[in-house]
Amino acid sequence: MGKYIIAGNWKMNKLPSETFDFVKEVAEATKGAECEVVCCTPYVCLAPAVEAAKGTHIKIGAENMHFEEKGAYTGEVSAEMLKDIGVEYVIMGHSERREYNNETDEGVNMKAKKALATGLVPIICCGESLEQREAGITMDWISIQIKKALADISTEDVKKVVIAYEPIWAIGTGKTATDEQAEEVCGGIRELLCKLYDCDTAKAVTIQYGGSMNAKNCAGLLAKPNIDGGLIGGASLKSADFAVITAAAK
Ligand code: PGA
């Protein structure tokens with residue numbers, strides 16, 4: 004459906020001094036991948052990551068950004084700054100940032116609009132808690148998150164967006180959604196996009212699954228028709244594992 008994209012989310016791992024060599028290692032290991040391969044790194048690792056990615060197929064992403072253009076926002080980094088150093092992707096609305104940094108759907112929407120206006124690809128995360136899944140409100144919850152995140156984003160722009168479905172109970176827990184559970188929600192997101200925009204537009208959007216995707220379980224997940232890639236945490240920190248995942252995305 005959408006373009007296949009496998010994006011690593013390093014989270015707060017790897018030092019700037021390790022980054023150049025590691026991105027080179029990922030580039031070598033994932034050579035021949037038929038999908039887009041992205042490494043999303045901490046801010047301080049971005050410059051060496053971009054440097055290492057030059058002349059390779061690897062794209063670099065940030066793990067966050069601020070929605071304002073510039074100004075008195077101590078400690079923040081703008082979309083323009085990311086763009087300026089050669090960053091192409093930016094994660095937003097990750098459940099860890101929602102939990103620890105008060106990130107809201109409204110904030111995600113502002114970030115997404117700013118990223119798109121700046122020429123960055125937003126990777127918008129959504130996902131339900133275990134309680135929500137058990138209460139049977141998964142799709143209702145995800146629909147609210149997506150509608151709010153995409154408010155006022157045009158049909159042209161939404162085609163550039165990546166949506167990452169990451170059930171919170173599957174992140175970093177080793178407990179992956181089954182292929183069917185992941186497909187059900189990713190398909191539901193596609194249907195929602197079909198209603199919010201139109202079905203051709205919905206088909207153009209990349210919808211990733213994330214949450215303990217690894218070298219062992221990636222093939223089944225990526226074979227599902229509505230799963231166009233993955234957002235990979237733990238397994239993106241080992242180039243060999245990450246390479247198995249990128250090879251499965253075709
Ligand atoms: P995980 O993280 O692969 O370590 O579960 C995924 C994510 O949070 O993006």
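Sequence positions in the sequence shown follow the numbering used here and run 4 to 253.
No residue lacks a Cβ here, since even glycine has one placed at the ideal position from N, Cα and C.
Boundaries of the alpha helix (DSSP H) harbouring residue 161: 158-161, taken from the DSSP string.
Of the residues 113, 205 and 133, the one whose Cα lies closest to the Cα of residue 176 is 133.
Nearest to residue 247 by alpha-carbon distance, out of 129, 227, 198 and 216, is 216. In terms of side-chain proximity, the C-beta atom of residue 67 is found no nearer than 7 Å to any non-hydrogen atom of ligand 1. Restricting attention to 173, 104, 100 and 194, the CA atom closest to the CA of residue 143 is found in 194.
Cα atoms of residue 183 and residue 77: separation of roughly 44 Å, rounded to the nearest angstrom. Uninterrupted alpha helix (DSSP H) stretches at least 4 residues long and entirely within the segment 89-136 occur at 98-103 and 108-121, given in chain order. When secondary structure is reduced to three states using DSSP, residue 77 falls in the coil class, being assigned neither helix nor strand. Annotated as distal: residue 97 and residue 81, with beta-carbon spacing of 8 Å or more.
Per the coordinates, the alpha-carbon of residue 50 lies some 7 Å from the alpha-carbon of residue 88.
Ranking 198, 66 and 125 by CA distance to the CA of residue 163 puts 125 first. Residue side-chain check: residue 95 keeps its Cβ at 7 Å or more from all non-hydrogen atoms of ligand 1. Closer than 7 Å to some heavy atom of ligand 1: that does not describe the Cβ of residue 15.
For residue 33, the closest C-alpha among the options 95, 62 and 54 is that of 62. Taking C-beta separations shorter than 8 Å and ignoring five residues to either side along the sequence, the partners of residue 120 in its chain run 82, following chain order. Cα atoms of residue 250 and residue 75: separation of roughly 44 Å, rounded to the nearest angstrom.
For residue 42, the enclosing beta strand (DSSP E) starts and ends at 39-44.
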